[in-house]
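Before any comments, here is the structure.
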Amino acid sequence: MSQLFSPLTLRGLTLRNRTVVAPMCQYTSQHGFANDWHFVHLGRFAQGGFGLVILEATGVLPEARISYGDLGLWDDAQIEPLARIVDFLHAEGAAAGIQLAHAGRKAATPIAWRHGFDESEDDKVKYAFETWVPVAPSAIAHNANPSFQTPTALDTAGIKRTIQGFADAAIRAEKAGFDTVEIHAAHGYLINQFLSPLANHRTDEYGGSRENRMRFLLEVTDAVRAVWPEQKPLLVRISATDGVEGGWTIEDSVVLASELKSHGVDVVHVSSGGFDGASIKPRALYQVELSAEVRKAGIKTIAVGLITEPRDAEEILEKGEADLIALARGALEDPNWPIHAHHVLDGAEYDLWPKQARARMRDKDRALGIRQ
Ligand SMILES: Cc1cc2nc3c(=O)[nH]c(=O)nc-3n(C[C@H](O)[C@H](O)[C@H](O)COP(=O)(O)O)c2cc1C
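In my numbering, the protein residues as written are -11 to 360.
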């Protein structure tokens, strides 16, 4: 059996294999609620054999959303439609995770496929349009594009309220039945803004030295870990490097990963970038080396970023560069990616096909002489 399709146990959670669906914003919620789009989009990945499906960046507070279309978990009423999705993922053999997020100064931006805020007045009603002034470590806009407002700098009370927002959202995630939560500390969003000297110009205990810039994330981690069940794993997604001169570096990430481990984090999901001017050039497997570096801190990692070939995924695990393999666009392209990868790596194994299809797919492949 390949490593990719061997189970992995994290605390009390056993994943059926090492394949993960990376979080993907859908900008398709109203007032933060999950709906049928999310149910079908996510359910398909469980039917396709993924081990862990991580739901998109989910605002822990209303002002935490990247756009008015983001999922949210700031209200108990938002639990129920998420629980329906979790139940389906479980019924199809996948574990369910959710990314708890705060966009900071990159909040209240237009929905990705719109040309700025081009909604008509009718659209605004139809799509539950909302806007607000974002918050951030410092009152500096992400860039000069009018999509990004100048944020209000969080005061100490605002920081405490935000940390509480993460903890309260984790409690709701537990009520919805999720197996894991992933704290979103990547891609230039709020936590990444605290980590990076590019966005954090504070002079209090949350700014200045690396230790001070890490404080917000470590306090969020402690608050979430305190309410998240002991037997359930906790994930953190980081941008291992900003890829910008004077920004957060891979060396910083190795120090951070070791801190996260001592604060009860089980897995670091290793991404990169999120600030303007990044020199990172996406190419096949481009973030795997960052995962390998972070893993040297003695913590498990998820590698992500243009991983599409099953044999590449297996080699990453064999070489000890990561413990899990995540796909985002590759999963959109082929929601059955694990089923197909399992055939490539392990031959005539049909166990990942849903029972409704398993025997028929074997018959088809035998008839065509594809595999016995
Ligand atoms: C449609 C889409 C939405 C995304 N939304 C999120 C998100 O909510 N949170 C996040 O951390 N990354 C998000 N990402 C980044 C992916 O999780 C992933 O890291 C990136 O696409 C690289 O992986 P890939 O090459 O397999 O697509 C998104 C990517 C896509 C394509």
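Where a beta carbon is used, it is the ideal one built from N, C-alpha and C, also for glycine.
According to DSSP, residues forming a beta bridge with residue i
i: E239; result: According to DSSP, E239 bridges with nothing at all.
i: R225; result: H172, H257
i: K220; result: According to DSSP, which records beta bridges pairwise, K220 is partnered with nothing at all.
i: I18; result: Per the sequence presented here, residue 18 reads as Gln, with Ile not at that position. Note: Q18 sits in a beta bridge opposite F21.
i: L30; result: For L30, which the question treats as bridged, DSSP gives no partner whatsoever.
i: K288; result: V255
i: Q87; result: A45, E170
i: G60; result: G47
i: L40; result: V8, A83
Counted within 10 angstroms of its Cβ, other Cβ atoms place residue i as buried (16 or more) or exposed
i: R4; result: buried
i: T2; result: exposed
i: K114; result: exposed
i: G0; result: exposed
i: G92; result: buried
i: D351; result: exposed
i: V258; result: buried
i: L121; result: First, the residue type needs correcting, since residue 121 is Val and not Leu in the sequence shown. By the 10 Å Cβ count, V121 comes out exposed.
i: R271; result: exposed
i: R53; result: buried
i: P134; result: exposed
i: S250; result: exposed
i: P298; result: buried
i: A355; result: exposed
i: R317; result: exposed
i: E302; result: buried
i: R348; result: exposed
i: Q66; result: buried
i: K269; result: exposed
Sequence-distant residues of the same chain with beta carbon closer than 6 Å to residue i, five excluded per side
i: A141; result: S126, A127
i: I86; result: L43, T46, A161, F166, V169
i: P323; result: R32, F33, G36
i: L77; result: A34, V41, A84
i: G293; result: Y274, Q275
i: D406; result: Residue 406 lies beyond the residue range present for the chain, which begins at -11 and ends at 360; the question has no answer from this structure.
i: A158; result: V169, V212, V215, W216
i: H330; result: F(-7), E337, L340
i: F117; result: Y56, E107
i: W236; result: L183, S184, D230
i: A82; result: A34, F38, V41
i: A10; result: V292, A314, A316
i: A132; result: none
Cβ neighbours of residue i in the same chain (closer than 7 Å, five flanking residues each side left out)
i: V256; result: V224, I226, A245, L248, V282, I287, T289
i: D353; result: R359
i: F182; result: P125, N188, Y194, R201, F204, L205
i: D300; result: L273
i: D64; result: R160
i: F105; result: P98
i: Q14; result: W25, H26, H29, E44
i: V208; result: I151, F154, I171, I179
i: V8; result: F38, G39, L40, I42, I290, L312, I313, A314
i: A361; result: As shown, the chain starts at -11 and ends at 360. That puts residue 361 outside it, with no answer to give.
i: G146; result: V123
i: Q137; result: A96, V121, P122, A129
i: E51; result: A95, W120, P122, V123
i: R72; result: F27
Interface flag, residue i vs chain D, CB-CB below 7 Å
i: A91; result: Protein chain content of the structure displayed is limited to a single chain, and chain D is not contained in it.
heavy atom of ligand 3 below 6 Å from residue i C-beta
i: R317; result: This structure lacks ligand 3; the ligands present are ligand 1.
Contact set for residue i: own chain, Cβ-Cβ below 8 Å, skip 5 residues either direction
i: D110; result: none
i: V332; result: P298, R299
Secondary structure, beta strand (DSSP E): runs of 3+ residues fully inside the stretch 303 to 356: 312 to 315
Alpha helix (DSSP H) runs contained entirely in the stretch 103 to 184, provided each spans 4 or more residues: 109 to 114, 144 to 164, 178 to 183
Unbroken stretches of the beta strand (DSSP E), 3 residues or longer, contained in the stretch -9 to 17: -4 to -2, 1 to 3, 7 to 9
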